[in-house]
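Peer 1: First the structure, which I've put down as structure tokens, then a few questions once you've had a look.
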Amino acid sequence: DAGVIQSPRHEVTEMGQEVTLRCKPISGHDYLFWYRQTMMRGLELLIYFNNNVPIDDSGMPEDRFSAKMPNASFSTLKIQPSEPRDSAVYFCASSFSGGRPNEQFFGPGTRLTVL
Amino acid sequence: AQKVTQAQTEISVVEKEDVTLDCVYETRDTTYYLFWYKQPPSGELVFLIRRNSFDEQNEISGRYSWNFQKSTSSFNFTITASQVVDSAVYFCALSHHTGRRALTFGSGTRLQVQP
């Protein structure tokens, strides 16, 4: 089975540009999480979905960030406009509530650099 | 609020030495989950173990073992006979048993195993 798939793996953009990160969770998983990893703040949750519905977006930094999950197999995290402080590795993870609860499997991450 | 503390920022050992990574957590929940993840130099996050708070049995998996002590709120991870391939950053994490599903991560411990 394929794991969590994220694209792109690396993104370099200029301040003010729109950035869209993509995630395909493991098939059958009903929870999807977006985390961000920085040197200063470590790994922190941005938002998570259950059955495509956003449940907790308390970690989303500000209105420049938005996330959607239009169906069970796809989610996007958008930053508009991007700023240098958004530079980080963004991880997507998924889990299945019916199996081993909250055992989250992570994608390879997207390394975002905003110049 | 939940909190995870990994006081050891970096540990360096020589191959074949045993090494223990410490994890101390804080939570008001009576039931919860604890996790360890490995982040090798390639950057992905690899799930190692999930422990339910009402199961205090220690666990061993090959060269890895975990010591959960609810009385001291600790969930330590020991690698026996360390190998160069064990070099990575290791994260301890905590989540609610029910309700909010997000993981709260510690700051990580970087383990360097020298040949």
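These protein sequences, in sequence, are chains A and B. Counting in the numbering used here, the first sequence runs from 29 upward without gaps. Counting in the numbering used here, the second sequence runs from 66 upward without gaps. Using N, Cα and C, we set each Cβ at its ideal position, and we do this for glycine too.
(1) 8 Å is my cut-off, CB to CB: does Pro53(A) come that close to chain B?
(2) Glu39(A) CB to nearest chain B CB: under 8 Å?
(3) So that I know if they touch, is there some Cβ in chain A lying closer than 8 Å to that of Leu159(B)?
(4) Could you compute how far the alpha carbon of Arg116(B) sits from the alpha carbon of Leu105(A)?
(5) So if DSSP puts Leu176(B) in a beta bridge, which residue, or which two residues, is it bridged to?
(6) Rounded to the nearest angstrom, what separates Ser126(B) and Phe170(B) at their Cα positions?
(7) Assign Phe49(B) to buried or exposed, taking buried as 16 or more other Cβ atoms, counted over all protein chains shown, within 10 Å of its Cβ.
(8) Locate the beta strand (DSSP E) running through Gln108(A), then write down its first and last residues.
(9) Can you check whether the CB of Asp58(A) is closer than 8 Å to the CB of Asn78(A)?
(10) Near Ser144(A), which residues of its chain fall below 8 Å by C-beta distance, leaving aside the five closest residues on each side in sequence?
(11) Do you know how far the Cα of Phe119(A) is from the Cα of Val40(A)?
(12) Who pairs with Gly70(A) in a beta bridge, going by DSSP?
(13) May I ask you to list, following chain order, the residues of the stretch 116-128 of chain A that have a beta carbon less than 9 Å from some beta carbon of chain B?
(14) Sorted by chain position, which residues of the same chain lie with C-beta nearer than 7 Å to Asn80(A)'s C-beta, five sequence neighbours on each side aside?
(15) So which residues on chain A does Leu176(B) lean against when the C-beta distance must stay under 8 Å?
(16) On the criterion of 16 or more Cβ atoms from any shown chain inside 10 Å, does Gln122(B) qualify as buried, or is it exposed?
(17) Buried or exposed for Arg93(B), going by 16 or more other Cβ atoms inside 10 Å?
Peer 2: In terms of the structure at hand:
(1) no
(2) no
(3) Not one chain A Cβ lies under 8 Å of Leu159(B).
(4) 30 Å
(5) Bridge partners of Leu176(B): Ile76(B), Ala153(B).
(6) 22 Å
(7) Since the first residue of chain B shown is 66 and the last is 180, residue 49(B) is not available in this structure.
(8) Run containing Gln108(A): none; DSSP gives neither H nor E here.
(9) The Cβ atoms of Asn78(A) and Asp58(A) lie closer than 8 Å to each other.
(10) With chain A represented from 29 up to 143, any question about residue 144(A) goes unanswered, as that position is not in the structure.
(11) The alpha-carbon atoms of Val40(A) and Phe119(A) are separated by roughly 16 Å.
(12) According to DSSP, residue pairing for Gly70(A) in a beta bridge involves Thr66(A).
(13) Here the close residues are Val117, Phe119, Ala121, Ser123, Ser125, Arg128.
(14) Annotation for Asn80(A): Met97, Asn99, Ala100 place their beta carbon closer than 7 Å to its own, counting only its chain and skipping 5 residues before and after.
(15) None at all; the shortest Cβ gap to chain A is about 17 Å.
(16) exposed
(17) exposed
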